[in-house]
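Chemist: Encoded as structure tokens, here's the structure I'll be asking about.
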Amino acid sequence: MSTVQYAGSNHLRQRLVCSTLSNKTIRINDIRTNSSTKGLQAHEASLLRLMDKLTKGSEIQINQDGTSLLYKPGVILGGSDIVHECDLSRGIGYYLEVVLCLAPFAKKPVDITLRGITNHQSDVSVDTFRNCTLHIFKLFGFETDPTIQIVKRGAHPQGGGEIRFTCPIVKKLKPVQILDEGMVKRVRGIAYATRVAPAIANRMVEGSRAMLNNFIPDVWVYTDHYQGKTSGKSPGYALYLQAETDTDCRLSVEYVPVPQDPSSLNVPEDIGKHVAELLLEEIKKGGCIDSSNQYLVFLMMALSPEDVSKVRIGKLSEYAISYLRHIRDFFGVVFKITPEQETNTIVLSCKGSGYHNLSRRSN
Numbered sequence: 039m040s041t042v043q044y045a046g047s048n049h050l051r052q053r054l055v056c057s058t059l060s061n062k063t064i065r066i067n068d069i070r071t072n073s074s075t076k077g078l079q080a081h082e083a084s085l086l087r088l089m090d091k092l093t094k095g096s097e098i099q100i101n102q103d104g105t106s107l108l109y110k111p112g113v114i115l116g117g118s119d120i121v122h123e124c125d126l127s128r129g130i131g132y133y134l135e136v137v138l139c140l141a142p143f144a145k146k147p148v149d150i151t152l153r154g155i156t157n158h159q160s161d162v163s164v165d166t167f168r169n170c171t172l173h174i175f176k177l178f179g180f181e182t183d184p185t186i187q188i189v190k191r192g193a194h195p196q197g198g199g200e201i202r203f204t205c206p207i208v209k210k211l212k213p214v215q216i217l218d219e220g221m222v223k224r225v226r227g228i229a230y231a232t233r234v235a236p237a238i239a240n241r242m243v244e245g246s247r248a249m250l251n252n253f254i255p256d257v258w259v260y261t262d263h264y265q266g267k268t269s270g271k272s273p274g275y276a277l278y279l280q281a282e283t284d285t286d287c288r289l290s291v292e293y294v295p296v297p298q299d300p301s302s303l304n305v306p307e308d309i310g311k312h313v314a315e316l317l318l319e320e321i322k323k324g325g326c327i328d329s330s331n332q333y334l335v336f337l338m339m340a341l342s343p344e345d346v347s348k349v350r351i352g353k354l355s356e357y358a359i360s361y362l363r364h365i366r367d368f369f370g371v372v373f374k375i376t377p378e379q380e381t382n383t384i385v386l387s388c389k390g391s392g393y394h395n396l397s398r399r400s401n
């Protein structure tokens with residue numbers, strides 16, 4: 039088994055996902071060797087424990103000070119009744135991203151419960167995953183839709199949130215041509231509040247509608263107020279918005295305020311206005327896939343059959359660029375990037391690697 043070498047702590051999730059899917063061992067050295075917090079951090083150790091639960095036969099070796107990691111991937115086992123307590127320094131989205139990428143190629147359908155912070159300022163929220171990211175799987179030929187159920191909300195810093203993710207397994211994906219971005223026909227969203235006054239969610243809605251109704255009449259933002267046992271351990275609130283086009287594309291944005299941070303927006307009306315501005319900016323970029331979900335489309339395209347897949351996006355995110363490099367390193371798939379001056383968008387195309395889920399039981 040060939041070993042892929044890296045240095046530094048960047049993009050651990052990407053490397054673990056690509057290593058597991060390609061069945062290539064990775065060695066990562068010099069993990070924060072010059073930092074005051076040397077080696078792997080608590081959330082990264084928690085992620086490795088999650089990988090151990092999802093796979094069978096994986097080998098994880100960490101040196102004494104945590105600055106070197108060797109990961110030999112095993113079989114993606116999947117299964118039901120998997121429970122993982124996420125470290126509270128990152129959101130559930132940090133861990134869910136990895137599960138989302140691996141689950142379709144497991145031996146058994148995945149049914150996993152993740153506990154922690156549902157909406158974290160550093161990570162994609164569970165609302166984005168549920169309303170926008172899962173929609174992408176339909177494009178690649180999934181017969182049964184994956185689902186995300188938000189059982190409890192959990193805000194920073196103490197968490198207390200819980201989600202349940204279920205995902206069917208697939209034998210192979212289908213190639214895609216995601217090129218027609220269409221016109222925005224409606225805007226939907228969720229304003230959530232937990233352990234605070236319900237009026238805060240309503241005020242965020244008013245702030246966003248005041249701006250968006252200048253451009254489109256069909257704007258509906260749901261308020262989601264949690265109380266009691268489902269409200270987690272800390273007070274918090276956040277706003278998620280998505281634009282839907284007449285060609286079934288979805289563009290999403292969100293904002294989670296940070297308590298006690300003077301640079302963070304905390305007035306609900308200001309948050310509503312800010313998220314509306316973020317959505318308009320995302321729409322202005324163009325493309326069929328939003329910035330937070332580009333990586334998943336690229337990974338699925340690389341794993342598709344040996345046929346050409348294409349996707350139109352507005353602007354490549356830094357995270358997606360890094361994923362393209364890792365896809366090249368592990369799968370040998372290189373993307374052709376074609377800028378289009380007329381639409382000010384970019385078309386990325388590649389020939390899939392012909393990936394098959396060999397772990398899947400034959401019928």
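Using this note's numbering, the first residue of the sequence shown is number 39, and each one after it goes up by one.
Ideal Cβ placement from N, Cα and C applies to all residues, glycine included.
1. With 16 as the cutoff for other CB atoms within 10 Å, does S118 come out buried or exposed?
2. Would you mind stating whether V234 and Y275 have Cβ atoms separated by less than 8 Å?
3. What is the DSSP secondary structure of A45, counted as helix, strand or coil?
4. Since T63 and T41 are thought to touch, with beta carbons under 8 Å apart, how far apart are those beta carbons, to the nearest angstrom?
5. Of the choices E292, R70, L354, Y109, whose alpha-carbon is the least far from that of R226?
6. Relative to the C-alpha of A281, which candidate in D262, K212, K322 has its C-alpha closest?
7. In angstroms with no decimal places, state the Cα-to-Cα distance between D262 and C124.
8. Name the residue from A239, A45, P206, V335 whose alpha carbon lies nearest to the alpha carbon of Y361.
9. For D218, count neighbouring C-beta atoms within 10 Å of its own C-beta (all shown protein chains included) and say buried if the count is 16 or more, exposed if not.
10. Out of curiosity, what's the CA-to-CA distance linking Q298 and L126?
11. Just to confirm, are E82 and R153 a CB contact at a threshold of 8 Å?
12. At which residues does the beta strand (DSSP E) containing S74 begin and terminate?
13. Around the Cβ of L54, are there at least 16 other Cβ atoms within 10 angstroms (buried) or fewer (exposed)?
14. Straight-line CA distance for H158 to A193?
Modeler: Let me lay it out:
1. With fewer than 16 other beta carbons inside 10 angstroms of its own, S118 counts as exposed.
2. Note that the C-beta distance between V234 and Y275 is below 8 Å.
3. strand
4. 4 Å
5. E292
6. K322
7. 23 Å
8. V335
9. exposed
10. 17 Å
11. Cβ distance not < 8 Å, so E82 and R153 don't count as in contact.
12. Annotation for S74: no beta strand (DSSP E) segment contains it, and DSSP assigns it neither H nor E.
13. buried
14. Distance between the alpha carbons of H158 and A193 is about 7 Å.
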